[in-house]
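In the numbering used here, the protein residues as written are 1 to 303. For every residue, glycine included, the Cβ atom is placed at its ideal position computed from N, Cα and C. Note that the structure is a prediction, hence the values are computed from the model and not measured.
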Amino acid sequence: MVASDPGGDMEDRSAKYRAFYAQLICAAAKAADPRIEQAFRAVRREPFVGPGPWSISFGGHPYVVTPDDDPAFIYQNALLALDSARSLNIGMPSAHAYWLSGCAVREGETVIQIGAGSGYYTAILAHLVGPGGRVHAYEIDERLAGLARDNLKDIAHVDVRGRSGIASDLPAADVIYVCAGAAQPGAEWLDALRPGGRLVFPLAPEGMLGGMLMITRPDDGATWPAKFLSRAQFIGCAGLQDAEAGRRLGEAFARGWEGVQSLRREGAPDETCWFAGEGWWLSTAPAPMPTEPVRPHAGTTQA
1 MVASDPGGDM EDRSAKYRAF YAQLICAAAK AADPRIEQAF RAVRREPFVG
51 PGPWSISFGG HPYVVTPDDD PAFIYQNALL ALDSARSLNI GMPSAHAYWL
101 SGCAVREGET VIQIGAGSGY YTAILAHLVG PGGRVHAYEI DERLAGLARD
151 NLKDIAHVDV RGRSGIASDL PAADVIYVCA GAAQPGAEWL DALRPGGRLV
201 FPLAPEGMLG GMLMITRPDD GATWPAKFLS RAQFIGCAGL QDAEAGRRLG
251 EAFARGWEGV QSLRREGAPD ETCWFAGEGW WLSTAPAPMP TEPVRPHAGT
301 TQA
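Structure below.
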């Protein structure tokens with residue numbers, strides 16, 4: 001008689017659920033890069049969400065508690081609560097698949113993630129850049145940073161920093177991926193981008209439905225290509241909140257958002273201005289694209 005292996009059976013079921021889940025969310029996201037599906041298929045969610053039962057939400061709805069810890073419940077296109085009292089979640093998978101597809105994370109690149117949570121999307125980013133790349137993950141919440149550090153300890157090209165990601169000592173990066181809403185792009189983020197680098201962040205102050213904005217750093221000049229990838233709402237990024245800017249952003253989004261084409265870091269706003277912040281503004285006029293194709297950086301930069 002062959003002894004049963006409950007652990008092995010659970011892992012087989014997890015792999016089966018994961019394969020279907022990866023296909024499902026990439027279909028929902030219309031993600032054409034097969035590497036996105038491979039990453040979601042490869043990374044197990046169980047370590048990042050913790051022991052069940054779990055609290056799950058489909059966004060804008062109350063949490064529903066799963067009846068038990070069957071992993072089938074966490075391989076859905078849903079929010080998974082890390083702290084339901086504070087509405088801290090592992091974000092909607094199809095949305096992240098769409099945004100990651102939009103910013104085209106390449107093998108060998110250096111990525112900064114702001115707001116790592118327990119590290120699930122950090123692990124996805126690590127899979128996309130591969131062992132020749134680097135992921136620097138910032139998480140200001142001490143408990144979550146500890147969880148992320150433990151969950152990611154076996155991935156050599158990831159480091160977790162338990163502090164704010166709004167700092168002047170950020171490493172140079174090809175992609176900065178922000179998982180916390182802000183009323184403005186952090187100047188430190190823009191300064192850390194290499195030419196051709198992409199900043200993807202929710203221009204969405206806390207409590208407001210805003211948009212996931214992608215800004216690309218050109219080779220030179222103060223006019224940077226920019227576009228909204230989709231609407232987005234996140235918990236707020238500490239240090240980048242502004243109630244008045246939030247009110248004006250709400251009015252700007254109500255007028256439409258699809259026409260934004262560039263970020264301007266100099267000059268007075270003109271008739272193409274969609275929204276003006278302090279020292280920056282978004283325009284519906286296009287910007288010159290980088291003259292050199294974006295190439296992955298094999299080297300890593302340590303802060």
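Cβ neighbours of residue i in the same chain (closer than 8 angstroms, five flanking residues each side left out)
| i | result |
| --- | --- |
| L79 | I56, S57, F58, G59, N89, I90, G91 and M92 |
| E142 | G162 |
| A182 | F201, P202, L203, A204, P205, G236, C237, L240 and Q241 |
Limits of the alpha helix (DSSP H) - the one that residue i falls within
| i | result |
| --- | --- |
| H96 | P93 to C103 |
| W189 | A187 to A192 |
| Q113 | Unbroken run through Q113 is the beta strand (DSSP E), T110 to I114; no alpha helix (DSSP H). |
| A148 | E142 to N151 |
Same chain, Cβ closer than 6 angstroms to residue i, neighbours up to 5 away in sequence not counted
| i | result |
| --- | --- |
| A123 | V43 |
| R149 | V160 |
| T272 | S283, T284 and A285 |
Element boundaries [beta strand (DSSP E), containing residue i]
| i | result |
| --- | --- |
| H157 | No beta strand (DSSP E) holds H157; DSSP gives it neither H nor E. |
| A210 | A small fix is needed here, since residue 210 is Gly in this sequence, not Ala. It spans G210 to T216 - the beta strand (DSSP E) in which G210 sits, taken as one unbroken run. |
| C273 | C273 to A276 |
| F228 | T223 to A232 |
| R134 | R134 to Y138 |
Nonlocal neighbours in the same chain, by C-beta distance under 7 angstroms from residue i, ignoring five residues either side
| i | result |
| --- | --- |
| P286 | Q261 and S262 |
| A85 | none |
| N77 | L24, I25, A28, M92, P93 and S94 |
| A173 | T110, V111, I112, A192, L193, R194 and G197 |
| G186 | I166 and L240 |
| V135 | V111, Q113, T122, L125, A126, V129, H157 and V158 |
Which of helix, strand or coil DSSP assigns to residue i
| i | result |
| --- | --- |
| P288 | coil |
| L203 | strand |
| T122 | helix |
| L334 | Here the chain covers residues 1 to 303 and nothing more, so residue 334 does not appear. |
| R13 | helix |
| V43 | coil |
| N89 | strand |
| D174 | strand |
| S84 | helix |
| A268 | coil |
| V129 | helix |
| G117 | coil |
| S283 | strand |
| G165 | coil |
| G197 | strand |
| A254 | helix |
| A304 | Residue 304 falls outside the range modelled here, since the chain spans only 1 to 303, and no answer is possible. |
| G259 | coil |
| A183 | coil |
Distance CB(residue i)-CB(residue j) smaller than 8 angstroms
| i | j | result |
| --- | --- | --- |
| A22 | R35 | no |
| L82 | L144 | yes |
| Y138 | G165 | yes |
| M212 | W99 | yes |
| H157 | P195 | no |
| R45 | Y75 | yes |
| P202 | V178 | yes |
| I25 | A116 | no |
| A31 | S101 | yes |
| T110 | P171 | yes |
| I235 | I176 | no |
| G210 | L249 | yes |
| F48 | G119 | yes |
| A180 | C237 | yes |
| D68 | P53 | yes |
| R13 | P51 | no |
Query raised in the report: Unbroken beta strand (DSSP E) runs of length 3 or more, entirely within the segment 16-82: which are they?
Result: Here the runs fully enclosed are 55-57.
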